[in-house]
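*Asks:* The sequence shown lines up with residues 1287 to 1720 when you count with this note's numbering. So that we are looking at the same thing, I have put the structure below in structure tokens.
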Amino acid sequence: ARALLVSALDNARRSGDPRLTQRIQVFYLDLVWRQNDRSPIDDAEFLERCDEELDLCRDFLGVDRDQAATRMERMSRRIESRLKAIEGGASPEIRDEVLRRHLTAEALAAQLLFNDRRPTESAELIRHVISSVRTQQLDAPDRDSWRLLEMEALYTQSCAEMISGEVTAAVRSAADAAAIAEGSNSLLARKVTSTYGSMLLSEDPKGGEKILRDCLGSWADDGTSDAALVHVHLSMALVLQAHRLTPGDEARGALLGEAQDRMTRVHDSCRRLGMYVDAGAAALVRGVSSGVSGDGDEVTWFAQGVAAAARGRQMETLWRSHINLAMSLCRKEGEPSMTACNHAVAAYEIMQETLAVYSEPERSPRFEMLRVGLAATAWMLIASGDEKGRAILERYPKLRLHFSDPEAGVLAPYDGSPRHYQWLRVDDVDYVLY
């Protein structure tokens, strides 16, 4: 049975069908682990199957987090059991290899946490992993492999920090990860480098664009999630730069045109392949590009973003798509409609949940990232006569600073003061990027 599955797995990989490959790999690994539960497989095969399981969990983080969580929990138990079994009876090299898989599983658990709206917990866990990795690699027989694990852990830390609103720290962690990725043959190098390019947009959009274009030149456009995200990140760089130019500037039109072409292509491809997380991200950026250019398509694209992000259960993309859709409807209709308010409330519920982990939410960097969207939600609800809007202002008093008359729901004109770089002012509304 195992031989047949290995043959089927090879054929699926050659066919280029990722979903079929995943299904066969799940069946194959489950068969191996059942055999391991009856009679432990040897150390060499155990390590090889662990690597395959960890790679599978990485893939599931983007398409099926419930399955990723279940498999990662089982994987951690197996590795902990193997560590106890070999204690004092295996070579230092084997113990080192098993421990590295254990810390890799913890790094993936941290990625699951920040994808599940728990970036603070993710950051705490990954700090422990980074500390352990750096200590362990000092005397490790295979320091290169530990160095690659440090790269993934730093990448994870940067994502947790960015979602928490700690932008400067995120850029620093991403830069450290990208420095390790440089010249690496690891399959994660592209994602790590692309993420650094994306985060650098907060400080240097042109520098981030260069890194992302270098990614396109260094790695094949192979239709994977990592390849799609390079295009998403590059399109963000183009939209950010275009937004700073005047409407009549030819360069602005060229930047937005390239971003729109890339995002349309990536969205259609990812949706066709069932990669809904990436399709949602592409639709979101495509919608912002449309809003900046004023071509009138943003409502449709943000609605596509809501649908794809909901199906992929990517909450960060989902609340952004909801609030952008609400903003675009207000811009189109000239006032908050019932539909716009419903989408704003959907965004608020997600935003509010991510702030619930803080004892003093308004003092958190996360609040600073969300406050534009929170204030806009309160405004829409107050303007439509919904008392929930004033309740939002009572929960977060700092939002009153966005209003000239909070009780009447009159927003103060935006004075151009600094705010989170992902929020773009277009006419009288604000859109947020991926």
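Glycine is no exception: its CB is placed at the ideal position from the N, C-alpha and C atoms.
Run the CB neighbour count on Met1561, radius 10 Å, all protein chains shown included, and call it buried at 16 or more, exposed below.
*Replies:* By 1-based counting over the sequence shown, the position of residue 1561 is 275. So Met1561 counts as buried.
*Asks:* Return the CA-CA distance between Gly1580 and Gly1534, expressed in angstroms with no decimal places.
*Replies:* In the sequence shown, counting from the first residue as 1, residue 1580 sits at position 294. In the sequence shown, counting from the first residue as 1, residue 1534 sits at position 248. Distance between the alpha carbons of Gly1580 and Gly1534 is about 12 Å.
*Asks:* Which one of Ala1523, Glu1468, Ala1633 has the shortest CA to CA distance from Ile1678?
*Replies:* Here residue 1678 is taken as the residue at index 392 of the sequence shown, counted from 1. Minimum Cα distance to Ile1678 is reached at Ala1633.
*Asks:* Using C-beta distances below 7 Å, list every residue in its chain close to Gly1483, excluding the 5 sequence neighbours before and after it, in chain order.
*Replies:* On the sequence shown, residue 1483 is found 197 positions in, with the first residue counted as 1. Excluding positions up to five away in sequence, the list reads Gly1494, Ile1497, Leu1498, Cys1501, His1519.
*Asks:* Would you tell me roughly how many angstroms separate the C-alpha atoms of Gln1600 and Asp1425, rounded to the nearest one?
*Replies:* If you number the sequence shown from 1, residue 1600 lands on position 314. If you number the sequence shown from 1, residue 1425 lands on position 139. When rounded, the distance between both Cα atoms is 39 Å.
*Asks:* Which runs of the alpha helix (DSSP H) spanning at least 4 residues fall entirely within the region 1606-1691, listed in chain order?
*Replies:* Taking only runs of at least 4 residues, the alpha helix (DSSP H) segments lying wholly in the region 1606-1691 are 1624-1641, 1651-1669, 1674-1681.
*Asks:* What is the DSSP secondary structure of Glu1319, reduced to helix, strand or coil?
*Replies:* Position 33 of the sequence shown, counted from the start, is the residue given in the question as residue 1319. Rather than Glu, the amino acid found at residue 1319 in this sequence is Trp. DSSP places Trp1319 in helix when its eight states are reduced to three.
*Asks:* Per DSSP, what kind of secondary structure is Leu1710 in: helix, strand or coil?
*Replies:* In the sequence shown, residue 1710 corresponds to position 424, counting from 1. The answer is strand: DSSP assigns Leu1710 an E or B state.
*Asks:* Using a Cβ-Cβ cut-off of 7 Å (strictly less than) and excluding sequence neighbours within five positions of Ala1626, which residues of its own chain qualify?
*Replies:* For the purposes of this step, residue 1626 is identified with residue 340 of the sequence shown, where counting begins at 1. Cβ neighbours of Ala1626 beyond the five flanking positions: Ala1612, Leu1615, Cys1616, Met1666.
*Asks:* On the DSSP bridge assignment, give the partners of Asp1716 in chain order.
*Replies:* Taking the first residue of the sequence shown as position 1, residue 1716 is located at position 430. In DSSP, Asp1716 forms a bridge with Arg1711.
*Asks:* On the criterion of 16 or more Cβ atoms from any shown chain inside 10 Å, does His1388 qualify as buried, or is it exposed?
*Replies:* The residue given as residue 1388 occupies position 102 in the sequence shown. Burial call: buried.
*Asks:* Between which residues of its own chain and Gly1659 is the CB-CB distance below 7 Å, once the five residues before and five after are set aside?
*Replies:* Translated into the one-based positions of the sequence shown, residue 1659 becomes position 373. Cβ neighbours of Gly1659 beyond the five flanking positions: Ile1609, Ala1633, Met1637, Val1718.
*Asks:* Please report the distance separating the alpha-carbon of Cys1343 from that of Ala1630.
*Replies:* Here residue 1343 is taken as the residue at index 57 of the sequence shown, counted from 1. Here residue 1630 is taken as the residue at index 344 of the sequence shown, counted from 1. One C-alpha to the other measures close to 33 Å.
*Asks:* Would you grab the beta carbon distance between Val1525 and Ser1575 for me? Rounded to a whole angstrom, and I think it's under 8 Å.
*Replies:* In the sequence shown, residue 1525 corresponds to position 239, counting from 1. In the sequence shown, residue 1575 corresponds to position 289, counting from 1. So it is a contact: roughly 5 Å between Cβ atoms.
*Asks:* Comparing alpha-carbon positions, which option in Leu1394, Ile1372, Ala1376, Asp1382 lies nearest Arg1360?
*Replies:* Looking up residue 1360 in the sequence shown gives position 74. Comparing Cα positions, the closest option is Leu1394.
*Asks:* Please confirm whether Thr1481 and Ala1506 have their CB atoms less than 9 Å apart.
*Replies:* Within the sequence shown, numbered from 1, the residue matching residue 1481 stands at position 195. Within the sequence shown, numbered from 1, the residue matching residue 1506 stands at position 220. Contact flag unset, no.
*Asks:* Residues bridged to Val1696 by DSSP?
*Replies:* Locating residue 1696 in the sequence shown gives position 410, counting from the first residue. According to DSSP, Val1696 bridges with Asp1691.
*Asks:* Using the beta-carbon count (16 or more within 10 Å), is Arg1558 buried or exposed?
*Replies:* Taking the first residue of the sequence shown as position 1, residue 1558 is located at position 272. Flag for Arg1558 reads exposed.
*Asks:* Please report the Cβ distance between Gln1590 and Ala1567, rounded to the nearest whole angstrom; I am assuming they are in contact, meaning their Cβ atoms lie under 8 Å.
*Replies:* The count along the sequence shown starts at 1 and reaches residue 1590 at position 304. The count along the sequence shown starts at 1 and reaches residue 1567 at position 281. 11 Å between Cβ atoms; not a contact.
*Asks:* Once DSSP output is grouped into helix, strand and coil, what is the label at Gln1443?
*Replies:* If you number the sequence shown from 1, residue 1443 lands on position 157. In this structure, Gln1443 counts as helix in the three-state DSSP scheme.
*Asks:* Using only CA atoms, which one of Ser1504, Asp1402, Ala1513, Ala1455 lies nearest to Ser1488?
*Replies:* Locating residue 1488 in the sequence shown gives position 202, where the first residue counts as 1. Measuring from the Cα of Ser1488, the nearest candidate turns out to be Ala1455.
*Asks:* Spatial neighbours of Val1478 within its chain, please: CB distance less than 7 Å, with the 5 preceding and 5 following residues excluded, ordered by chain position.
*Replies:* Along the sequence shown, one-based indexing puts residue 1478 at 192. Once the five neighbours on either side are set aside, the close Cβ partners of Val1478 are Met1437, Tyr1441, Ala1463, Ala1464, Ala1467.
*Asks:* Is it the case that the region 1372-1385 contacts the region 1542-1559, given that we only count it when at least three CB pairs across the two stretches are under 8 Å?
*Replies:* Taking 8 Å as the limit for Cβ pairs, the verdict is that the region 1372-1385 does not touch the region 1542-1559.
*Asks:* Report all residues from its chain with a CB closer than 8 Å to the CB of Gln1311; omit the five preceding and five following residues, and keep chain order.
*Replies:* Numbered from its first residue, the sequence shown carries residue 1311 at position 25. Hits under 8 Å: Leu1295, Glu1338, Leu1342.
*Asks:* So for Glu1366, helix, strand or coil by DSSP?
*Replies:* On the sequence shown, position 80 is the one that residue 1366 refers to. Correct three-state label for Glu1366: helix.
*Asks:* Tell me which same chain residues have a C-beta within less than 6 Å of the C-beta of His1721, skipping the five on either side of it?
*Replies:* The question about residue 1721 has no answer, for the chain in this structure spans 1287 to 1720.
*Asks:* I'd like the list of long-range same chain contacts for Asp1564, defined as Cβ closer than 6 Å, with 5 residues on each side in sequence excluded.
*Replies:* On the sequence shown, residue 1564 is found 278 positions in, with the first residue counted as 1. Contacts found: Ser1511, Ala1514, Cys1556.
*Asks:* Using the three-state DSSP reduction, which class does Met1358 fall into: helix, strand or coil?
*Replies:* As a first step, residue 1358 must be located in the sequence shown, where it is residue number 72. The answer is helix: DSSP assigns Met1358 an H, G or I state.
*Asks:* Which of the three DSSP states is assigned to Met1601 in this structure?
*Replies:* For the purposes of this step, residue 1601 is identified with residue 315 of the sequence shown, where counting begins at 1. The answer is helix: DSSP assigns Met1601 an H, G or I state.
*Asks:* To the nearest whole angstrom, what separates the beta carbons of Arg1433 and Gln1423, a pair I think is in contact under 8 Å?
*Replies:* Reading the sequence shown from its first residue, position 147 is the one you call residue 1433. Reading the sequence shown from its first residue, position 137 is the one you call residue 1423. Right, the Cβ-Cβ distance comes to about 7 Å (below 8 Å), so this counts as a contact.
*Asks:* Thinking C-beta only, is Leu1317 closer than 9 Å to Leu1340?
*Replies:* Locating residue 1340 in the sequence shown gives position 54, where the first residue counts as 1. Locating residue 1317 in the sequence shown gives position 31, where the first residue counts as 1. No, the Cβ-Cβ distance between Leu1340 and Leu1317 is not below 9 Å.
*Asks:* DSSP state of Gln1423, grouped into three classes?
*Replies:* Translated into positions along the sequence shown, residue 1423 becomes position 137. DSSP places Gln1423 in coil when its eight states are reduced to three.
*Asks:* Quick one: what does DSSP say Asn1297 is sitting in, helix, strand or coil?
*Replies:* On the sequence shown, position 11 is the one that residue 1297 refers to. Looking at Asn1297 - three-state DSSP - the assignment turns out to be helix.
*Asks:* Tell me, to the nearest whole angstrom, how far the beta carbon of Ala1662 is from that of Gly1695; I am working on the premise that it is less than 8 Å.
*Replies:* Indexing the sequence shown from 1 puts residue 1662 at position 376. Indexing the sequence shown from 1 puts residue 1695 at position 409. The pair is not a contact, with the Cβ atoms about 11 Å apart (cut-off 8 Å).
*Asks:* Along the chain, where does the alpha helix (DSSP H) that runs through Glu1334 open and close?
*Replies:* Along the sequence shown, read from residue 1 onward, the residue named residue 1334 stands at position 48. That run of the alpha helix (DSSP H) goes 1329-1349.
*Asks:* Around the Cβ of Ala1664, are there at least 16 other Cβ atoms within 10 angstroms (buried) or fewer (exposed)?
*Replies:* Your numbering for residue 1664 matches position 378 in the sequence shown. Counting Cβ neighbours within 10 Å, Ala1664 comes out buried, since at least 16 surround it.
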